[in-house]
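Chains G and R supply the protein sequences, listed in that same order. Numbered per the numbering used here, the first sequence spans residues 404 to 734. Numbered per the numbering used here, the second sequence spans residues 699 to 1007. Shown next, in structure tokens, is the structure this report addresses.
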Amino acid sequence: MSTDLSPERPVLEVRDLKKYFPIRTGVLSRVTGHVKAVDGVSFDIRSGETFALVGESGCGKSTTGRTILRLTGATGGEIRYDGEDVLAASGDRMRRLRKSMQIVFQDPYSALNPRMTVGAAIREILQVHGIAHGAEAQQRVEELLVRCGLESYHSWRYPHEFSGGQRQRVVIARALALDPQFIVADEPISALDVSIQSQIINLLEDLQDDLNLTYLFISHDLSVVRHMADRVGVMYLGKLVEVADKEEFYREPLHPYSQALLSAIPVSDPSVKKQRIILTGDVPSPANPPAGCPFHTRCPYVMDVCRSVVPELKPTPSGHYAACHLVHPNG
Amino acid sequence: MQTEDYDMSSMATTDRFDPSEAQGNMTKSKRTSEFAEVFRHLMRNRAAVVGLFIIGGFIAASVLAPLLSTHDPLRTALGNRLQGPSSEHILGTDELGRDLFSRMLYGGRISLNIGLISVLIGVSIGVPIGAISGYFGGKLDILTQRFIDIMIAFPGILLAIVVVTVLGVGVQNVMIATGVASIPVYARLVRGSVLAVKEQSYVAAAHAAGLGHTRIIFRQILPNCLAPIIVQSTFQIATSILWAAGLGFLGLGAQAPTPEWGAILSNGRAYIRTAHHLTTFPGLAILFMVLGFNLVGDGLRDALDPKTR
């Protein structure tokens, strides 16, 4: 099952990725179940594009990002970066992969070591990878900081001397230190003031243009995603339920969950009458997901088939992927 | 000069943990070295300076003991037993008529050594055990922690007795014994801190940047666990001196005529009603030494934290 119809080879291929966290109980810590944080997710990301993963908290989008970078091990599935098997890589090959894939974190306050000047933190990375040493490394650090909208003297500062927005710029500068092609941006603006958010978004876009970066942009803010993304994937309970080009997705979302999400975006013009789809109930526990379609417990259009058969993520003729029995009535 | 050594080494340790190590030669022109920075902040902290003076005073007294002492610390004078402080005997005499002041000067040499070396042993073994256990987790962690549980189940002094019994009697072995007995405390303490710190995003960022485990433990995690280690160490110095006293009392530590604060204190206990100076003065000495290390420890903790500078 591929979600990529383009002839060019995708830079990142994720196939049937699974990440289960064991639930341990009792004195002997027996495994009594699993939280299926990511449960069979497949998608491709093309070089130079921004692929956005959206969904509620706890739907597994951050775990997906972290698993791709091997910050946490996968339970199953396959990840290929530039054809290289990420999950099987070790030693030198893993080090090479690490150079080309980086991450920007949600919370810039915990993303920087409080005991290191930001310069020292970035220099360390350059030195470990043998990219630059001594004065050359310092020069490179200052270039990176300037490129991310800071001043070169900021390299001698400690994280607590920066504002949240500045910290996020440092985090981005650090991610760029190894000259990566692919960056997982894990809710990079959701911890920032609204006034700062747009600056960081613009910075990420400028960097993408200048350095031909590929982004996996994880967010729950659909307005930002509309601005940033080329393609959008919607996650619900550890599964991808819809993948489409941005225009297509915002014009005509196919999955009922996506429709509900989009209807919740506030509109600045109060005279516009909008029909909001209010979902009832809570997200089921990923430790005990419902049988059939994971969304059937909250879906306004639920049918009998939804309760027993898991819908597959399949394309419509226009290349718009959705996992819903309404979209693909024949299973 | 052991105490001075300790001071230097604790600074050196922080230097090793310190980010500026990587800055090396090129930053010297741009910014004063981390060591100088820490020292400057320590000097600005009044309490820490008082602590340094207290510790310095004790060190000087120990080093200059032969010059300062008024009597031979070992010479008994049975006609002169249990005298209170006087102009002849500044702090009085003990149950064998020995001059308490002179005995305390010489005893400081041993007690300071015991306190510092045992803490050094405890830190240098306990901290890595705790760090590795907390960082890697899993089966290794379970095994290590059960072993630490067993060690903690014994009172520290009992553990020290076991070690001395195995190694044999003597001041050196007492240092090792008290050091070993403090290992589980450090291991547990550091493991807890590491568990909290390793969840921080900057540790994940270090992984993502391809930094090795050793580098992550020593440069990203442990520097952020320093505060509890420093505080524990200042207390552990006192605890070790008291453990050593207990060992001496049981005949396992410093042997009879050798002056040592803990031993003087325990011997004096029998005369606490009639000659309280035998317990008061060594007690005060231990108190002030702990206070000194405590003040310096607090100051060091703040000076090492970029946020409180």
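A virtual CB, placed ideally from N, CA and C, is assigned to each residue, including glycine.
**Item:** Pairwise C-alpha distance: G/A538 and R/S727
**Value:** The residue given as residue 727 of chain R occupies position 29 in the second sequence. The residue given as residue 538 of chain G occupies position 135 in the first sequence. Here R/S727 scores only 39 on pLDDT, less than 50, and its place in the model should not be relied on; the value that follows carries that caveat. Their backbone Cα atoms lie some 12 angstroms apart in a straight line.
**Request:** Identify which residue in G/I681, G/V644, G/R473, G/T719 has its Cα closest to the Cα of G/F698.
**Result:** Translated into positions along the first sequence, residue 698 of chain G becomes position 295. Cα-wise, what sits closest to G/F698 is G/V644.
**Prompt:** When the distance is taken between beta carbons, is R/A858 closer than 7 angstroms to R/A829?
**Reply:** The residue you call residue 829 of chain R lines up with position 131 of the second sequence. The residue you call residue 858 of chain R lines up with position 160 of the second sequence. Result no, Cβ atoms of R/A829 and R/A858 do not sit closer than 7 angstroms.
**Message:** For chain R, check one thing: does any of its Cβ atoms lie closer than 7 angstroms to the Cβ of G/C501?
**Reply:** Working through the first sequence from its first residue, we reach residue 501 of chain G at position 98. Reading the sequence as shown, one finds Arg at residue 501 of chain G and not Cys. Yes, its Cβ sits closer than 7 angstroms to a Cβ of chain R.
**Item:** Uninterrupted alpha helix (DSSP H) stretches inside the segment 445 to 510 of chain G (no shorter than 4 residues)
**Value:** You should have 464 to 471, 494 to 503.
**Message:** Taking contact to mean 3 or more Cβ pairs, one atom from each stretch, closer than 8 angstroms, check whether the segment 918 to 932 of chain R and the segment 785 to 805 of chain R are in contact.
**Reply:** Under the 8 angstroms Cβ criterion, the segment 918 to 932 of chain R does not count as touching the segment 785 to 805 of chain R, having fewer than three qualifying pairs.
**Request:** Between the Cα of G/R469 and those of G/I621, G/P583, G/I575, G/R412, spot the shortest distance and give me the residue it belongs to.
**Result:** Start at 1 with the first residue of the first sequence, and residue 469 of chain G comes out as number 66. That would be G/I621, whose Cα lies nearest to the Cα of G/R469.
**Where G/R498 meets chain R, residues with beta-carbon distance less than 9 angstroms** = For the purposes of this step, residue 498 of chain G is identified with residue 95 of the first sequence, where counting begins at 1. Those are G908, listed as they occur along chain R.
**Message:** Is R/Q843 near the ligand FMN - that is, is its Cβ less than 6 angstroms away from at least one heavy atom of it?
**Reply:** Ligands displayed in this structure: none; no statement on the ligand FMN is therefore possible.
**Request:** Within the same chain, show all residues whose beta-carbon is closer than 6 angstroms to that of G/S405, passing over the 5 residues directly before and after it, in chain order.
**Result:** As a working note, residue 405 of chain G is residue 2 in the first sequence. Caution applies to G/S405, whose pLDDT of 46 falls short of 50 and renders its modelled position unreliable; the value that the coordinates give is listed next. There are no such residues.
**Message:** Less than 7 angstroms between CB atoms is the rule here; does R/S899 satisfy it with respect to chain G?
**Reply:** Locating residue 899 of chain R in the second sequence gives position 201, where the first residue counts as 1. Cβ-Cβ to chain G under 7 angstroms: yes for R/S899.
**Prompt:** Taking the C-alpha atoms as reference points, what is the distance between G/G451 and R/F845?
**Reply:** Counting from 1 along the first sequence, the entry for residue 451 of chain G is found at position 48. Counting from 1 along the second sequence, the entry for residue 845 of chain R is found at position 147. G/G451 and R/F845 have their C-alpha atoms some 53 angstroms from each other.
**Item:** Where G/Y561 meets chain R, residues with beta-carbon distance less than 8 angstroms
**Value:** Indexing the first sequence from 1 puts residue 561 of chain G at position 158. Going along chain R in sequence order, the residues near G/Y561 (Cβ under 8 angstroms) are P1004, K1005.
**Prompt:** So what does DSSP say about R/S785, is it helix, strand or coil?
**Reply:** What you label residue 785 of chain R is simply residue 87 of the second sequence in a count that begins at 1. Here DSSP, grouped into helix, strand and coil, assigns R/S785 to coil.
**Message:** According to DSSP, is R/E897 part of a helix, a strand, or is it coil?
**Reply:** Taking the second sequence and counting its residues from 1, one reaches residue 897 of chain R at position 199. In the structure shown, R/E897 sits in coil (DSSP, three-state: anything other than H, G, I, E or B).
**Straight-line Cα distance separating R/P853 from R/Q934** = To locate residue 934 of chain R, count along the second sequence from 1; it is residue 236. To locate residue 853 of chain R, count along the second sequence from 1; it is residue 155. R/Q934 and R/P853: Cα-Cα distance of roughly 14 angstroms.
**Request:** Consider the Cβ of R/H769: report whether some Cβ of chain G lies at a distance smaller than 7 angstroms.
**Result:** Walking along the second sequence from the start, residue 769 of chain R turns up at place 71. Answer no: the Cβ-Cβ gap between R/H769 and chain G never drops below 7 angstroms.
**Message:** Cutting at 7 angstroms between CB atoms, please list the residues of its own chain near G/G436, excluding the five before and the five after it.
**Reply:** Residue 436 of chain G sits at position 33 when you count from the first residue of the first sequence. The beta carbon of G/G436 sits closer than 7 angstroms to those of I426, A690, all from its chain and outside the five residues before and after it, given in chain order.
**Prompt:** Would the segment 661 to 681 of chain G and the segment 482 to 489 of chain G be scored as touching if the rule is three or more Cβ pairs under 8 angstroms?
**Reply:** Remark: fewer than three beta-carbon pairs, one from each stretch, lie closer than 8 angstroms, so the segment 661 to 681 of chain G and the segment 482 to 489 of chain G are not flagged as touching.
**Simplified DSSP state of R/G795, which is helix, strand or coil** = Position 97 of the second sequence, counting from 1, holds the residue named residue 795 of chain R. Looking at R/G795 - three-state DSSP - the assignment turns out to be coil, as it is neither helix nor strand.
**Request:** For G/P687, I'd like the list of residues in its chain whose CB is within less than 8 angstroms of its CB, leaving aside the five on either flank, ordered along the chain.
**Result:** One-based indexing of the first sequence puts residue 687 of chain G at position 284. Excluding positions up to five away in sequence, the list reads L640, P693, P697, T700.
**Request:** Express the C-alpha separation of G/H623 and G/E459 in angstroms, rounding to a whole number.
**Result:** By 1-based counting over the first sequence, the position of residue 459 of chain G is 56. By 1-based counting over the first sequence, the position of residue 623 of chain G is 220. Distance between the alpha carbons of G/E459 and G/H623 is about 6 angstroms.
**Request:** Using a cut-off of 9 angstroms between C-beta atoms, extract the partners of G/H532 located in chain R.
**Result:** Counting from one through the first sequence, the residue named residue 532 of chain G turns up at place 129. Among the residues of chain R, those whose CB is under 9 angstroms from the CB of G/H532 are A907, G908, following chain order.
**Message:** Looking at the secondary structure, which residues open and close the alpha helix (DSSP H) in which G/V705 lies?
**Reply:** Indexing the first sequence from 1 puts residue 705 of chain G at position 302. Careful: G/V705 lies outside any alpha helix (DSSP H) and carries neither H nor E.
**Asked** Would you say R/P955 and R/L814 are within 7 angstroms of each other, going by their C-beta atoms?
**Response** Walking along the second sequence from the start, residue 955 of chain R turns up at place 257. Walking along the second sequence from the start, residue 814 of chain R turns up at place 116. No, the pair does not count as a contact, with Cβ atoms beyond the cut-off.
**Request:** Taking only beta-carbon positions, decide if R/A902 is within less than 7 angstroms of chain G.
**Result:** Along the second sequence, one-based indexing puts residue 902 of chain R at 204. Yes, contact with chain G.
**Request:** Output yes if chain G places a C-beta closer than 7 angstroms to the C-beta of R/N965; else output no.
**Result:** Counted from its first residue, the second sequence places residue 965 of chain R at position 267. At least 7 angstroms separates the CB of R/N965 from every CB of chain G.
**Request:** Please determine, among R/L798, R/T768, R/T774, the residue with the shortest C-alpha to C-alpha distance to R/G782.
**Result:** To locate residue 782 of chain R, count along the second sequence from 1; it is residue 84. Answer by Cα proximity: R/L798.
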